[in-house]
Each structure stands twice: as structure tokens, then as C-alpha cells.
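Protein chains: 2
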Amino acid sequence: MSKDLPLIHELSRDDIRLAAMLKALGNPVRFRIMQHLADRQMCITGDIVAFTSLAQSTVSQHLKVLREAGLIEGEIEGPATCYCVSAEGLQFLKGQIESWLPNCCQSEPRIAKSNCC
Amino acid sequence: MSKDLPLIHELSRDDIRLAAMLKALGNPVRFRIMQHLADRQMCITGDIVAFTSLAQSTVSQHLKVLREAGLIEGEIEGPATCYCVSAEGLQFLKGQIESWLPNCCQSEPRIAKSNCC
DNA sequence: GGTTTTTATCGTAAAATTACGATATAGAAG
DNA sequence: CTTCTATATCGTAATTTTACGATAAAAACC
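Residue numbers (this note's numbering), protein chains in the order written: chain A, 1470 to 1586; chain B, 1470 to 1586.
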């Protein structure tokens, strides 16, 4: 997460966090886990293992990635761990995407033939 | 893009497209290319190669991924190819994220101690 | 105490992604 | 027609990611 090309150094703090979130969500299993967590509202844990039909260690790994990206939060509940979508994280993601690439596509939908796009 | 677990089969068409976009954007180089394209507004091409300081073939590969995800559009302009952010694609992405996980975090920001989150 | 349950971590094999050079393609320019 | 320029594609090496089983850790339960 820190040997990511000189390119990344020109990014704002928010952009770096956004990129990390997108990377975490870029995996279809994790994408699906997010949906599942949002649906159940309440936190889950080994439930996700059954849901994904992947090995427990694999799921635990995916949950770690999502947690480190700030997309979910886990709380130890007895012997188990209870996860839920991070309201703050999701809010951040939505806000960032909403205002992402503001300079883009200012000209009309798609007319100009010269200057290509 | 089609051997993606049984999990993916329960997804809507829009969700599949969204997941594909997130996967494309999950790479920091491609994330950065999108920003660069948006900044320049006008389309570019070998310019991106200089910008990223990666091999031409590598950049071409990344552009292909972005193009296939519907995030950019390329138009052959003489011997070169001119790229720009896809207005439709970006609009789709923003719309989908905005309404993503609607069932999430309905309870207050973060109070409940029981039932974990 | 010991046992059971649930999860995290470790080590590793398999698979996918990324990056590169070399080559092929297409159009512009002479 | 030949040359030059700009990209795309191919084949492949290096890296990263993903998935698994085995093991460790922590709490509930007997």
C-alpha cells in the first residue's frame, strides 16, 4: 500500500483513501460481502462464510481487507466477531465519487468530431 | 469476467457493470489515468505514456481495461488514438454508487452497544 | 480445569494481474 | 512506394492476489 509508483504521490489524502476503497471493492467477493452486510443490516461473521461458500480463512482475509479500507467495522462479540458496514466509510465513498473528476465532460454529451471526443 | 463464482449470478445487470467498473478503477495506475484524462478534458494517448512513465504496451493494456469497463472512449485520430472519459460511463458509476446499499446504516450513526454495530 | 465454538493468522500453492520487449498494424508524410 | 509515427497485440517474466488447510487465540460452556 506504499510502494505504489511515483504516480500516487501526487494524490491528495482523500484520493488515496478513495483509491484504496476502490481497490478493496474491485474484488467481486468483497463487493458481494458488502451487499450482504448491508442487507442484513445487523452484523454477521461466520454467516458470511456460509454465504460465500469459501473457506473460513479466505473470508476472514477478505474481511480484513474491507476493514483496513475503512468500509466495514468489526466488533468482538463473545467468541465471534460482528461486522457491519461503516457508515462513515460508505458516506466518504459516496461523497468522493459524487464529486470525482469535476472537470470531466463539460462539453455537450458527445458531438464534436474534431478534437475527437 | 464470467468465471466469477456463483455469487455473481445473483447480481443485477447494473450491479455486474458496477462491479466491473470498480475492478477497473481498483488499480492505482488506472485510477490515476482517469484523473489525468478528466483534467486534460481533451483526449490524449501517448501523452499518458509519458505521464505514467510506464512502457507503452503496459499503458495500452490499461487503456483497454478502462475502455472495456465503459469508463473511457477511444477514437482513432490519424495514426494515434484519442481517449476521453466516457460521460455515460461516469454518470452511470456516480448514479450507482449514490444509490448503493440503500439498506445500510439506517440506525443512528453509531450508538447501539448490544447487537454490536 | 478441559472442551467446544468462533475467528484470526501463518505458510503455501494456484491463479490472476501487471509490466516489459518485440512484433504487427494503420495512417501520415516524404 | 518507402519511411516515420503512434498504437495495439503477443508472448512471457515477475509480482500480486486469492484460496486453502493447519494452527493459534479468546471466550463461552460443561
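Every residue gets a Cβ at the ideal spot worked out from N, C-alpha and C, and that includes glycine.
Which listed residue (HIS1531/B, ILE1566/B, GLU1537/B) has its alpha carbon closest to that of GLN1560/A: Start at 1 with the first residue of the first sequence, and residue 1560/A comes out as number 91. When only C-alpha atoms are compared, the closest one is ILE1566/B.
Simplified DSSP state of CYS1551/B, which is helix, strand or coil: The residue given as residue 1551/B occupies position 82 in the second sequence. Three-state DSSP puts CYS1551/B in a strand.
Stretch pair the stretch 1479-1498 of chain A + the stretch 1493-1503 of chain B: three plus CB contacts closer than 8 Å: yes
Contact set between PHE1500/B and chain A, taken where Cβ atoms lie within less than 7 Å: Sequence index remark: in the second sequence, residue 1500/B carries index 31 (1-based). Correct list: ALA1488, LEU1491.
Chain A residues whose Cβ lies nearer than 9 Å to that of GLU1567/B: As a first step, residue 1567/B must be located in the second sequence, where it is residue number 98. LYS1563, ILE1566, GLU1567, listed in chain order.
Integer-rounded CB distance, given that VAL1528/A should sit under 8 Å from CYS1573/B: In the second sequence, counting from the first residue as 1, residue 1573/B sits at position 104. In the first sequence, counting from the first residue as 1, residue 1528/A sits at position 59. Wrong, their Cβ atoms sit about 19 Å apart, outside the cutoff.
Residue-level contact to chain A via CB, ALA1524/B, 8 Å cutoff: Taking the first residue of the second sequence as position 1, residue 1524/B is located at position 55. No - not a single Cβ of chain A is within 8 Å of the one on ALA1524/B.
Neighbouring residues, chain B, relative to ASP1508/A (Cβ below 7 Å): Working through the first sequence from its first residue, we reach residue 1508/A at position 39. What ASP1508/A touches in chain B: ASN1572.
Cutoff 8 Å: VAL1528/A Cβ touching any chain B Cβ: Mapped onto the first sequence, residue 1528/A falls at position 59. Taking Cβ atoms only, chain B never reaches closer than 8 Å to VAL1528/A, which makes this a no.
Rounded distance between the beta-carbons of GLN1525/A and VAL1534/A, thought under 8 Å: Here the question's residue 1534/A lines up with position 65 in the first sequence. Here the question's residue 1525/A lines up with position 56 in the first sequence. Contact doesn't hold; Cβ gap of about 15 Å is too wide.
Under 8 Å between C-beta atoms of GLU1557/A and CYS1551/A: The sequence position of residue 1557/A within the first sequence is 88, counting from 1. The sequence position of residue 1551/A within the first sequence is 82, counting from 1. In this structure, CYS1551/A does not lie closer than 8 Å to GLU1557/A by Cβ.
Inter-residue spacing [alpha-carbon to alpha-carbon] between GLN1510/A and SER1522/B: Here residue 1510/A is taken as the residue at index 41 of the first sequence, counted from 1. Here residue 1522/B is taken as the residue at index 53 of the second sequence, counted from 1. Looking at the two C-alpha atoms, the distance is approximately 44 Å.
Buried versus exposed call for ALA1495/A [16 or more other C-beta atoms within 10 Å across all chains shown]: Numbered from 1 along the first sequence, position 26 holds the residue referred to as residue 1495/A. Position check: residue 1495/A holds Gly in this sequence, whereas Ala was assumed. By the neighbour-count rule (16 or more Cβ atoms within 10 Å), GLY1495/A is buried.
Terminal residues of the beta strand (DSSP E) in which GLY1543/A lies: Translated into the one-based positions of the first sequence, residue 1543/A becomes position 74. First-last of the beta strand (DSSP E) with GLY1543/A: 1541-1546.
8 Å contact criterion, which LEU1570/B and GLN1504/A should meet: CB distance rounded: Counting from one through the second sequence, the residue named residue 1570/B turns up at place 101. Counting from one through the first sequence, the residue named residue 1504/A turns up at place 35. Contact flag correct, Cβ pair sits at about 7 Å.
For GLY1564/A and SER1481/A, the rounded distance between their alpha carbons: Against the first sequence, residue 1481/A aligns to sequence position 12. Against the first sequence, residue 1564/A aligns to sequence position 95. Their Cα atoms are separated by approximately 15 Å.
PRO1571/A - containing alpha helix (DSSP H), residue span: By one-based count along the first sequence, residue 1571/A stands at place 102. Segment: none, PRO1571/A is in no alpha helix (DSSP H) and carries neither H nor E.
8 Å CB neighbourhood of LYS1492/B in its chain, flanking five on each side removed: For this step, residue 1492/B is matched to residue 23 along the second sequence. Here the set comprises ALA1538.
Backbone CA spacing between ALA1581/A and ALA1507/B [nearest angstrom]: Reading the first sequence from its first residue, position 112 is the one you call residue 1581/A. Reading the second sequence from its first residue, position 38 is the one you call residue 1507/B. With a pLDDT of 39 at ALA1581/A, under the threshold of 50, the modelled position of that residue is not reliable, and no figure is offered here.
Buried versus exposed, by CB contacts within 10 Å (16 or more), GLU1479/B: The count along the second sequence starts at 1 and reaches residue 1479/B at position 10. Classification for GLU1479/B: exposed.
Between the CA atoms of THR1514/A and GLU1546/A - distance to the nearest angstrom: The sequence position of residue 1546/A within the first sequence is 77, counting from 1. The sequence position of residue 1514/A within the first sequence is 45, counting from 1. In a straight line, the C-alpha of GLU1546/A is about 10 Å away from that of THR1514/A.
Length of the line joining the Cα atoms of ALA1530/B and GLN1575/B: Numbered from 1 along the second sequence, position 61 holds the residue referred to as residue 1530/B. Numbered from 1 along the second sequence, position 106 holds the residue referred to as residue 1575/B. Note that residue 1530/B is Gln in the sequence shown here, rather than Ala. About 41 Å.
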